[in-house]
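Position one of the sequence shown corresponds to residue 466 (this note's numbering), numbered consecutively onward.
Where is the CB? At the ideal position from N, CA and C, for every residue including glycine.
Everything below concerns the one structure shown next.
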Amino acid sequence: MPYEAIRVDIDASAHVTTITLNRPDKLNSFTRAMHQELSAALDDVEKADVRALVLTGAGRGFCAGQDLADLDFTPGAMTDPGDLVEQYFNPLIRRLQALPLPVIAAVNGTAAGAGANLALACDLVLAARSSSFIQAFVKIGLLPDSGGTAFLPQRVGMARALGLAITGDKLSAEQALNWGLIWQVVDDAELPSTAAQLAARLAQQPTRAIAAIKAAMRASVTQSLDQQLDLERDLQRELGASFDYAEGVQAFIEKRAPRFEGR
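Written as structure tokens, this is what we have:
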């Protein structure tokens with residue numbers, strides 16, 4: 466389908482797709498139309514032979530969250546933010562977390578509100594050195610959504626999570642890295658190439674194993690040790706029957722680089 470609010474670039478040879486939020490004049494803030502386009506693009510990703518996904522933003526910002534101009538503030542007919550979260554943001558966050566392939570956020574510039582938590586919903590976050598993360602919700606009388614109240618305490622601890630959410634202060638990319646909120650910070654000019662190189666590298670890895678790693682790590686937040694041990698056993702059993710496991714073992718025996726196929 467033709468897209469207006471996003472751009473989709475496919476590197477078929479590398480099995481990598483890059484989705485760019487493409488409303489640079491609005492700092493790539495979300496409208497309902499953008500949500501619908503992004504959902505359709507993710508449909509295509511799941512149907513195609515894609516083994517790594519990069520999510521980034523056009524222009525000087527990654528994503529400024531919800532575009533308030535897309536909402537109705539007429540007294541008596543105001544858009545319910547809970548409905549907006551339920552219909553659009555929650556399905557997006559759940560989908561990114563569950564995608565059976567590595568998802569990389571390449572954060573350029575500002576990631577604010579739901580835009581910050583969209584980045585945190587990805588598996589690995591690369592950030593340009595000049596970029597920043599802002600839990601801006603409190604500035605309009607709301608709380609962090611799109612997974613913010615889960616991601617922040619898990620990654621930076623309760624004291625810092627509450628500080629970020631209650632003050633709405635800007636967190637620099639360097640501080641986000643130091644606090645363990647994100648994976649890597651790179652010079653601004655190097656962000657696109659670094660993200661592309663990482664995606665290409667991950668696309669050559671055993672995709673089913675990466676999907677299992679994602680599922681197991683995220684399950685550990687709510688499960689007991691016994692439950693987690695059982696999950697590890699079950700997932701290991703599944704992976705043990707995969708082509709990539711057999712290839713990995715054979716490559717080790719033959720002392721050569723494995724040729725994984727993601728199956």
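query: Under 9 Å between C-beta atoms of glycine 524 and leucine 492; result: yes
query: Whole-angstrom distance between serine 685 and aspartate 691, CA atom to CA atom; result: 10 Å
query: Backbone secondary structure at serine 707 - three-state DSSP; result: coil
query: Own chain residues within Cβ distance below 7 Å of alanine 664, not counting five before or after; result: Val481, Ala517, Val519 and Ile569
query: Cross-strand partners of serine 597 (DSSP beta bridge); result: Thr575 and Ser637
query: The region 645-659 contacting the region 593-601, beta-carbon criterion three pairs below 8 Å; result: yes
query: Whole runs of the beta strand (DSSP E) within the region 489-533, excluding any shorter than 3 residues; result: 517-522 and 526-528
query: Three-state secondary structure assigned by DSSP to valine 568; result: strand
query: Counterpart residues of isoleucine 484 in DSSP-defined beta bridges; result: Val473 and Leu520
query: Same chain only: Cβ atoms within 7 Å of aspartate 514, ignoring 5 sequence neighbours per side; result: His480
query: Within-9 Å CB hit, leucine 608 to chain D; result: Among the protein chains of the structure shown there is no chain D, as only one such chain exists.
query: Leucine 549 versus cysteine 587 - alpha carbon distance; result: 21 Å
query: Cα-Cα separation, glycine 732 to alanine 711; result: Beyond the ends of the chain as shown, which are 466 and 728, falls residue 732; an answer cannot be given.
query: First through last residue of the beta strand (DSSP E) which encompasses valine 651; result: 649-651
query: Cβ-Cβ separation, alanine 641 to phenylalanine 598 (assumed contact under 8 Å), whole Å; result: 5 Å
query: Whole-number beta carbon distance between methionine 499 and isoleucine 475, since they are thought to touch under 8 Å; result: Wrong, their Cβ atoms sit about 19 Å apart, outside the cutoff.
query: Residues bridged to alanine 592 [DSSP beta-bridge criterion]; result: Val572 and Val650
query: Cut-off 7 Å between Cβ atoms - residues of its own chain near asparagine 643, not counting five sequence neighbours on either side; result: none
query: Pick from Lys635, Gln662 and Glu697 that is closest to arginine 683, judged by C-alpha positions; result: Glu697
query: Whether glutamine 662 touches proline 567 by CB criterion (9 Å); result: no
query: 8 Å Cβ shell around arginine 728 - same chain, five flanking residues per side excluded; result: Thr672, Arg673, Ser707, Phe708 and Asp709
query: Nearest candidate by alpha-carbon position, reference glycine 645, set Ala680, Arg625 and Pro556; result: Arg625
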